[in-house]
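So the sequence shown is numbered by the numbering used here: it starts at 216 and just counts up by one.
Virtual Cβ for every residue (Gly too), placed ideally from N, Cα, C.
Since we're looking at a predicted model, the values are computed, not measured.
Here the structure is laid out as structure tokens; the discussion comes afterwards.
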Amino acid sequence: MRIEGGKVAVEMPRSSSRKGRRRKKEAGAPPPAVQRLFETCREVFFGCAAGVVPSPEDVGQLKAVLDDMKPADVGLAQTLPYFLKDNAKGAPPVAYLHLYECDKFSIGIFCLPPSAVIPLHNHPGMTVFSKILFGSMHIKSYDWVDVPQNSVETETTSHSCEIPPKVKLAKLKKNSVFSAPCETSVLYPMAGGNLHCFTAITSCAVLDVLGPPYSDAEGRHCTYYKDFPYSSFSVDKISMAGEEGEHAWLEEIDKPDDFVVVGAKYFGPKIVVQ
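Have a look at this one:
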């Protein structure tokens, strides 16, 4: 054993090293989990485009791969600096680790310190898989409800006025705390909670697969929203069961100033593209 550049280096006989590599090759060692994830994504999203949902079999296949993934599979530990909450005022920043992106899908990890928030936002034309690798977070999600715009009036003032054009009705899909280990969440272009918000209860990491990814050039913009109780507005000639608590009004807003995402280096196993 010798020291090189302050690091401990262990010397092994060359013949043993070659034999070890040969035994590993002969044994057919499985690829790293992140490589299996990449290859599965490439198969599942090969023939898909915006708004095209993979088959139930393909969705199940990709979900199964993600369900089995652990923090160590992507080189994560809760002691890493981007999971630590500092004492600065305001919402803590969210770190994003980029693993892979092409025109068919993207793979990345959001790292949230305690109390960090990813605001309510949409996923236009996308099928999205979200796997909580560790930690606990509150997830709130909605799907759009089609309501004729001319059938809506406000009840928030004593006189009638037109509803803002960027306010639409949505149905609540999730409003609960989820903790690892738990199943991968899947949302679809028109169902499953396409619009969602994450609030970190503890430090947590979320592995995200988007198919296809956001693309301003192709009209898949990330839009942010603010939700209002269903009682804020009335719907004329529209009958819904269990409106209050099950529906809400979403207003399109600019990206919140206090929502900061910083790019961070991914140190896990590399994805090999062949």
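Just the Cα atoms here: how many angstroms apart are leucine 314 and leucine 387? As a first step, residue 314 is located in the sequence shown; it is residue number 99 there, counting from the start. As a first step, residue 387 is located in the sequence shown; it is residue number 172 there, counting from the start. One C-alpha to the other measures close to 31 Å.
Cβ-Cβ distance between proline 497 and glycine 340 below 8 Å: No answer is possible for residue 497: the residues shown for the chain start at 216 and end at 489.
Residue burial classification, aspartate 473 (beta-carbon count within 10 angstroms, cutoff 16): By 1-based counting over the sequence shown, the position of residue 473 is 258. Burial call: exposed.
Beta-carbon gap between phenylalanine 443 and glycine 290 smaller than 8 Å: Looking up residue 443 in the sequence shown gives position 228. Looking up residue 290 in the sequence shown gives position 75. No, the pair does not count as a contact, with Cβ atoms beyond the cut-off.
Could you tell me whether the Cβ atoms of glycine 323 and serine 356 are closer together than 8 Å? Along the sequence shown, one-based indexing puts residue 323 at 108. Along the sequence shown, one-based indexing puts residue 356 at 141. It is not a contact, given that the beta carbons lie outside the stated cut-off.
Can you tell which of Pro428, Phe413, Ala406, Glu398 has the C-alpha that lies nearest to the C-alpha of asparagine 390? Looking up residue 390 in the sequence shown gives position 175. Closest by alpha carbon: Phe413.
Can you tell me whether aspartate 423 is buried or exposed, with buried defined as 16 or more other CB within 10 angstroms of its CB? If you number the sequence shown from 1, residue 423 lands on position 208. Answer is buried; the Cβ neighbour count reaches 16.
Does DSSP classify glycine 478 as helix, strand or coil? Along the sequence shown, read from residue 1 onward, the residue named residue 478 stands at position 263. Note: glycine 478 maps to strand in three-state DSSP.
Between the alpha carbons of tyrosine 445 and histidine 353, how many angstroms are there, rounded? Translated into positions along the sequence shown, residue 445 becomes position 230. Translated into positions along the sequence shown, residue 353 becomes position 138. Cα to Cα, the separation comes out at about 21 Å.
Considering only the alpha carbon of each residue, which of His436, Leu348, Ala265 lies closest to alanine 287? As a working note, residue 287 is residue 72 in the sequence shown. The candidate whose alpha carbon is nearest that of alanine 287 is Leu348.
Selection from Ser330, Gly460, Phe344 that minimises the alpha carbon distance to alanine 279: By 1-based counting over the sequence shown, the position of residue 279 is 64. Per the Cα distances, Phe344.
Presumed contact (8 Å Cβ cut-off) between valine 274 and valine 421, rounded CB distance: Numbered from its first residue, the sequence shown carries residue 274 at position 59. Numbered from its first residue, the sequence shown carries residue 421 at position 206. Going by Cβ atoms, the distance from valine 274 to valine 421 rounds to 18 Å, so no, they are not a contact pair.
Could you check the C-alpha separation between histidine 428 and glycine 434 for me, to the nearest Å? As a position in the sequence shown, residue 428 is number 213, starting the count at 1. As a position in the sequence shown, residue 434 is number 219, starting the count at 1. Note that residue 428 is proline in the sequence shown here, rather than histidine. Rounded to whole angstroms, proline 428 to glycine 434 spans 11 Å at the Cα level.
DSSP three-state call for glutamate 433: helix, strand or coil? Position 218 of the sequence shown, counting from 1, holds the residue named residue 433. Here glutamate 433 sits in coil by DSSP.
Whole angstroms are fine: how far does the CA of alanine 385 sit from the CA of serine 454? The count along the sequence shown starts at 1 and reaches residue 454 at position 239. The count along the sequence shown starts at 1 and reaches residue 385 at position 170. Its pLDDT being 46, under 50, serine 454 is placed unreliably by the model, and the measurement read from it follows with that caveat. So the alpha carbons of these two residues sit roughly 14 Å apart.
What are the complete alpha helix (DSSP H) segments, minimum 4 residues, inside the stretch 262-291? 271-282
Can you tell me the Cα-Cα spacing of glutamate 254 and glutamate 398, whole angstroms? Translated into positions along the sequence shown, residue 254 becomes position 39. Translated into positions along the sequence shown, residue 398 becomes position 183. Rounded to whole angstroms, glutamate 254 to glutamate 398 spans 20 Å at the Cα level.
In terms of alpha-carbon separation, which member of Gly426, Ser351, Val476 lies closest to valine 267? If you number the sequence shown from 1, residue 267 lands on position 52. Minimum Cα distance to valine 267 is reached at Gly426.
What is the DSSP secondary structure of glutamine 489, counted as helix, strand or coil? The residue you call residue 489 lines up with position 274 of the sequence shown. It is coil, neither helix nor strand.
Between the alpha carbons of leucine 299 and tyrosine 311, how many angstroms are there, rounded? One-based indexing of the sequence shown puts residue 299 at position 84. One-based indexing of the sequence shown puts residue 311 at position 96. Using only the alpha carbons, I get a separation of about 14 Å.
Comparing C-alpha positions only, which one of Glu461, Pro328, Ala415, Leu410 sits nearest to histidine 436? Position 221 of the sequence shown holds residue 436. It is Leu410 whose Cα lies nearest to the Cα of histidine 436.
Note down the Cα distance separating glycine 478 from valine 249, rounded to an integer number of angstroms. Walking along the sequence shown from the start, residue 478 turns up at place 263. Walking along the sequence shown from the start, residue 249 turns up at place 34. Computed Cα separation, rounded: 19 Å.
Glutamate 316: first and last residue of the uninterrupted alpha helix (DSSP H) it sits in: Translated into the one-based positions of the sequence shown, residue 316 becomes position 101. Not the alpha helix (DSSP H): glutamate 316 falls in the beta strand (DSSP E), residues 309-316.
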